[in-house]
Structure formats: structure tokens, C-alpha cells
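Engineer: For reference, the structure I am asking about is given below.
Chains as they are written, first to last, in our numbering: chain G, 1 to 325; chain E, 326 to 645.
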């Protein structure tokens, strides 16, 4: 499959009073067409920031640094002007945010908000746009789609609103969908429904998806490839089966162990990762995970490990793992 | 130790501005009964809006129930006046969902934990700081945290401080209202372990409210499943997880994504269609029937009662 998106050395540093926050620190990955990629990590690991910077949605002050290369369909996104970027957003790359009720305009009917995108990006007239909006709503599983077009966001439940968001994101047939924790605000039962919707539209529309989540279960169930982020770095990247059967990085292993499970006997204590994520203003030297790592050796506290291939499609940034193989 | 009998909380639904009249009542909690033994954890699970939190708060009388009784040992909390209730509050505490929001931003950790001691006038002032240091150690924080303010702490640390604060008065019963939902998995595991250790040491009874059955399975002895204000199933944890009797419990279990992907074994995860109906228009008969995969004609007409199965399980379904 051909490469749709290529990210090289993406770096986002924010300037704060306490110093530079290295939110995203030189991450690189590829995304093939039609692929569903999952980005997992704890809060503050830079997942959302890296996604927002792809869309150039971060408000950049003078001292912040956003650097690297983002090549999408042969174009360098970070170098595009704001007006050029407007043609990419929505029509080529679409986004679904975490909180559906704060991402929609409460004063406009849902139909108006979906058709607005269609009119703006595809140049449809109002009638055609409204007709298409109803089709889209139907597609994402909103019952009585035609009637509900006139409803306002507060008349929908959380799960239904997230579907409206997805309908809006899919409206212009994007090549890439960025879903930033699309189900974190929803109930487990609704979560499954919403992700099925995303997955089936990805399968039918040949659209690639980057799913940002902290829920490893979702990664296991819906994705083809997993990227684990820790403190602004990619620490492991692997195909989903490989990742859950043979996780290499100590952090990935610990994350998988920490998830409370239904399919295994209950143990006296849940496995947790001791300590807390590092301070991104003054990160520890060497591997950022070494203060919490059980396997840390001397070199870990001095030299930053680079992402190296342990097998054809499996990359890990860890001194212990790369030595073992 | 805690007995809840036919607890109800109805909110009036009004219409009209000048001639305001009650047209209906919204049944947030409808006829809920259970008991919790000393040192036991009862898990309470359900989707948002099913009344989990309201149950927790009505038990503590933070919200006064419409009807029903709550006994702590032999005292009926519902009949106590506010003044007497205050005495009882020393024995029952609550940990909230949002760790940062439940701590006063202008108090250092030291004062936050001391406050309940001062309110209940428990220890002479000189001895309080000693107790605070002990509590902090109990929840796994270093004493260097004493002088810090909540905004300097991470979510997990805030939650530990909140737990230390509830423990300050030596409660017998703690309502944990989604205490780990806002935390990351690795931190969530730490906090669940803290709750477990404290229970073993101090034999506190917990009502542990969560929307995540997997978390509850690790901490509860028994689990109650709520749907639209009613308990639909109540059973010992392992029995509930291995062999759920109510179709809603089954659906909740199915909806949790499984962590071991197998080649080509992708299963359709959706077993429950649609949304939770609004509490304003609870369906007739069994309130779950519009979403139930095994609904029969009877389910649409007759409200099922709670049946006892195997002596210790309760289930509200015509099919059992």
C-alpha cells in the first residue's frame, strides 16, 4: 500500500514561564492508505498535541517551536499558508474531538452545521447539502435522520452527538480521519457503537484513521498498528498482534499489565507502574522512562535510546531490548 | 453495617412559569435496597444517568431521599436532623470523581487533611500534624507534599490526598464515586491498590461506584448493576462476571474491549443497540426491553420484580 502520510521529526515545544515544555520531541512515523493506526499513551504524553499540530490547529506564539516535516499526499503541511490549509482541513483531513457537546455550536441546528461544511468545501447548494446531510446522518446510524436535521445539539445524547461529529467529519470524503479520544466521554456500550461506525466508514471509504486513545482495549480491537508514546517520544511501534503478543518496551509491557481485565483471574493487586510521568520542562537524562523502569541499566540514565527495528515492522526505543535481540 | 431499604429519590417535573404545577416525577432512584457488611466492597455499575451517584449521595444524606430508609448500624440516617447527622458524618465519608475539583485550591495539603479533624474536633491541635503525616504515609505520599498546593500535584496525587482526607476521621464507610475514572491506567491501578490495602488494614466498607466493570471486578466483593434508577442484578463478583443473568449485565461485559487480539477473530463488539432512554419517559414494562435482545411480549407490559437466584443473587428479568 502506498504511503498517505509521512511524519518526520515532528517537534512541538511550548514556551512557558517555567521553561520550554517538550510536548512532542522528534517523532516520525508513516501511515499507509486505508490503515487504522492507534496512538496510545498516558495523559500528557503528547498524543493530542502531535495530532493537533498535523492540522496546524495549535495557536503558536512567537517563542513556541513547531518543527519537522509532515508530508500528506505529497504536500508539506507545515509549510502551507493558512488559506491553503483551509482547503486541506475538512475536505482532505478531518477531525473528531473528544467532547462532542463542546465542539458543536449550540445555537445552530445539526443539519445546518453539517451542510455548512458541504457548502463550503464542496460548493454544493443549500438544498443538495441538506439532502446529503440526511444521508450522512443515516449512514452513521442516527435514526429518523431527516427529522433530526432540525434538532439542536442539546437534543442529542452524547453518543448521538459524537455520530453527528463523525458524519460531519466524513461529509467531504476525507482521506485521513484524526480521532482524538472520540469515545472517552461516552459510556462503554455507546463507545463500541461509535467505533464500529468509524471502522466501517474507514473500511468502505478507503479512509485512513489515526485513533488517539488511552484505552489499550480499543487499540486491540480496532487497529492495525499501534504507536506507544511516552513523554513526547515514540517508545514502541508495532503491528497490533505483534504488540499485544510480544510487547518489547518495559513501558508497553507495564501498560498492558496495568489494565484491569475480565478474561483473567483476579490477582490480589493490580500491576501498576510506580512513580509518575516525568516533568517535561526538566526531563530526566537518558531514557525518559528509566526512573520508573524495572530493567534500567547504567546506560539508560545517560544516553537517549533511539528507535531501532527489532523485526521488520517493529520498532522499539530501549537499550535493554535492543541488546537482547 | 449499612442497610438501604426501598430508597427512592424523585425529582418533580414542573410545567408553567406562573402557575407552576407538577406534571410528573423523574425517578432518579427507584426502590433500591441493599446492604454492605463491615470491611466489604459493594460495586455499583451502570451507564451515565442511571442514578449511581444519586444513590451514593442519598445514602450519605447529601441529598435527602424522597422515601426509604438508610441504616448505619442501627441508626436511621433518614430520620436524623441535620445537627445529629453531622455527628454521624464522622463515620461516613465520600471520595469524588474529579480529584482536583474536590480540593480547595487555596489550601496546602497539610491544611486540607487537617480540616476534617478540626471540624469534628477530634484531636488536640498539637497532635494533628503528627496524624496528618501518618495519613500521608498511609496513602503512599512523601512528607514533602505537605506544603504543596493542589495545582502542584498530578491527578493521581490529588486523589491520594483526597483519600487521606477522608481517612482522617477514621470512617467506617466510604462512598467512592468514580474515584479512578479520571485517571490513566497505570495510576488507576495504583489507586485501586491503595483502596484495597486500606480496606485490609482498617476494614472500611466501600460503596464503589464506577462505570467500568473490569475495575469493579478487581475491588468489589459483590456488584450491583443499575439501569434507569433500578437495580437489575446484584451478585457476588465472580458469579456476575462469569455467568451474568440479566441481558444488560451481559451487554455491559461484552462492551468492554478485550485485550488479546487474535488473527481473524475480530468479533462484532456491539451487542447493545440504541441509547439509554430518557428518565422522563421510561418505557413501560421492563425498562430495558427496547434494547434487550431477548425481549418477549410480557416484557413490554409487566414490570419484572427482583427474583432471588441461588440464595445470594438478585435479578430483575422475566427470562430468568
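Every residue gets a Cβ at the ideal spot worked out from N, C-alpha and C, and that includes glycine.
(1) Is residue 282 of chain G helix, strand or coil by DSSP?
(2) Name the residue from G:157, G:152, G:160 and G:130 whose alpha carbon lies nearest to the alpha carbon of residue 146 of chain G.
(3) Hey, does residue 172 of chain G have any beta-carbon neighbour from chain E nearer than 8 Å?
(4) Could you say which of E:542, E:547 and E:605 lies nearest to residue 578 of chain E if we only look at CA atoms?
(5) Are residue 213 of chain G and residue 321 of chain G touching if we call contact CB-CB under 8 Å?
(6) Mind listing the chain G neighbours of residue 504 of chain E? Cutoff is C-beta to C-beta under 7 Å, in chain order.
(7) How about residue 190 of chain G: is its C-beta nearer than 8 Å to some C-beta of chain E?
(8) Please tell me whether residue 504 of chain E and residue 425 of chain E are closer than 8 Å, where the distance is taken between their beta carbons.
(9) In angstroms with no decimal places, state the Cα-to-Cα distance between residue 169 of chain G and residue 613 of chain E.
(10) For residue 181 of chain G and residue 210 of chain G, I'd like the C-alpha separation in whole angstroms.
(11) Smallest Cα separation from residue 514 of chain E: which of G:273, G:154, G:217 and G:187?
(12) At what residues does the beta strand (DSSP E) containing residue 418 of chain E begin and finish?
(13) In its own chain, which residues sit with a C-beta less than 6 Å from the C-beta of residue 314 of chain G, not counting the 5 before and 5 after it?
(14) Between the stretch 110-128 of chain G and the stretch 193-203 of chain G, are three or more C-beta pairs nearer than 8 Å?
(15) Counting only runs of 4+ residues fully inside the stretch 488-551 of chain E, write out the alpha helix (DSSP H) ranges in chain order.
(16) Across which residues does DSSP place residue 24 of chain G in a beta bridge pair?
(17) Helix or strand or just coil, what does DSSP make of residue 181 of chain G?
(18) Please work out which residues of its chain come closer than 7 Å, Cβ to Cβ, to residue 160 of chain G, disregarding the five sequence neighbours upstream and downstream, and give them in chain order.
(19) Would the stretch 520-538 of chain E count as touching the stretch 334-341 of chain E if we require 3 or more Cβ pairs under 8 Å?
(20) What are the residues that DSSP puts in a beta bridge with residue 314 of chain G?
(21) Taking only runs of the beta strand (DSSP E) that begin and end inside the stretch 361-411 of chain E, which ones reach a length of at least 3 residues, in chain order?
(22) When you compare the CB of residue 590 of chain E with every CB in chain G, is at least one pair closer than 8 Å?
(23) Listed from N- to C-terminal order along the chain, which residues in the stretch 521-549 of chain E have their beta-carbon within a distance smaller than 8 Å of any beta-carbon of chain G?
(24) In this structure, does DSSP put residue 68 of chain G in helix, strand or coil?
(25) Put residue 6 of chain G into one of helix, strand or coil per three-state DSSP.
(26) If you run the structure through DSSP and keep just helix, strand and coil, what is residue 590 of chain E?
(27) The beta strand (DSSP E) with residue 340 of chain E in it runs from where to where?
(28) My output table needs one value for residue 130 of chain G: the three-state DSSP class, helix, strand or coil.
(29) Return the chain-ordered list of same chain residues with a C-beta closer than 6 Å to the C-beta of residue 615 of chain E, the five sequence neighbours on each side being excluded.
(30) Could you tell me which residues DSSP pairs with residue 561 of chain E in its beta bridges?
(31) At 9 Å on the CB atoms, spell out the chain E contacts of residue 246 of chain G, in chain order.
(32) With a threshold of 7 Å on Cβ separation, who are the neighbours of residue 89 of chain G within its own chain once the five nearest residues in sequence on each side are excluded?
(33) Distance cutoff 8 Å, beta carbons only. Does residue 151 of chain G sit that close to anything in chain E?
(34) Nearest to residue 366 of chain E by alpha carbon, out of E:561, E:405 and E:406?
(35) Going along the chain, which residues of its own chain have a beta-carbon closer than 7 Å to the beta-carbon of residue 468 of chain E, five neighbours each way excluded?
(36) Can you find a CB in chain E that lies within less than 8 Å of the CB of residue 38 of chain G?
Structural biologist: Looking at the atomic coordinates:
(1) Coil at residue 282 of chain G, not helix or strand.
(2) Of G:157, G:152, G:160 and G:130, the residue nearest in Cα terms is G:130.
(3) It does not: the Cβ of residue 172 of chain G has no partner Cβ on chain E nearer than 8 Å.
(4) Cα-wise, what sits closest to residue 578 of chain E is E:542.
(5) Taking a C-beta distance under 8 Å as the contact criterion, residue 213 of chain G and residue 321 of chain G do not qualify as a contact pair.
(6) What residue 504 of chain E touches in chain G: nothing, since even the nearest Cβ is about 14 Å away.
(7) Answer yes: the Cβ-Cβ gap between residue 190 of chain G and chain E drops below 8 Å somewhere.
(8) Contact check for residue 504 of chain E against residue 425 of chain E fails: the beta carbons are separated by 8 Å or more.
(9) Their Cα atoms are separated by approximately 32 Å.
(10) One alpha carbon belongs to residue 181 of chain G, the other to residue 210 of chain G, and they sit about 10 Å apart.
(11) Looking at the Cα atoms, G:273 is the closest of the given residues.
(12) From DSSP, the beta strand (DSSP E) with residue 418 of chain E extends over 417-420.
(13) Taken in chain order, the residues that qualify are 238 and 242.
(14) The stretch 110-128 of chain G is not in contact with the stretch 193-203 of chain G.
(15) You should have 510-527 and 538-544.
(16) DSSP links residue 24 of chain G through a beta bridge to G:12.
(17) Residue 181 of chain G: coil per DSSP, three-state reduction.
(18) Correct list, in chain order: 142.
(19) Short answer: they don't touch.
(20) DSSP lists G:311 as partners of residue 314 of chain G.
(21) As for any beta strand (DSSP E) of minimum length 3 sitting wholly inside the stretch 361-411 of chain E, the runs are 366-370 and 392-397, ordered along the chain.
(22) In this prediction, residue 590 of chain E scores a pLDDT of 45, lower than 50, which makes its location untrustworthy; the coordinate-derived value is nonetheless stated afterwards. Closer than 8 Å: no.
(23) Hits within the stretch, in order: 521, 536, 537, 538, 539, 540, 542 and 543.
(24) Three-state result, residue 68 of chain G: strand.
(25) It is a strand residue.
(26) Confidence at residue 590 of chain E is low in this model, with a pLDDT of 45, below 50, so its placement is unreliable and the value that follows should be read with caution. Collapsing the DSSP output to three states places residue 590 of chain E in coil.
(27) Counting along the chain, the unbroken beta strand (DSSP E) around residue 340 of chain E starts and ends at 327-340.
(28) The answer is helix: DSSP assigns residue 130 of chain G an H, G or I state.
(29) Correct list, in chain order: 608.
(30) E:547, per the DSSP bridge assignment.
(31) None at all; the shortest Cβ gap to chain E is about 12 Å.
(32) If the five residues before and after residue 89 of chain G are omitted, its C-beta is found closer than 7 Å to the C-beta atoms of 55, all from its own chain and listed in chain order.
(33) No, residue 151 of chain G lies away from the interface with chain E (no Cβ there is under 8 Å from its Cβ).
(34) For the residues E:561, E:405 and E:406, the minimum Cα distance to residue 366 of chain E belongs to E:561.
(35) Here the set comprises 458 and 461.
(36) No - not a single Cβ of chain E is within 8 Å of the one on residue 38 of chain G.
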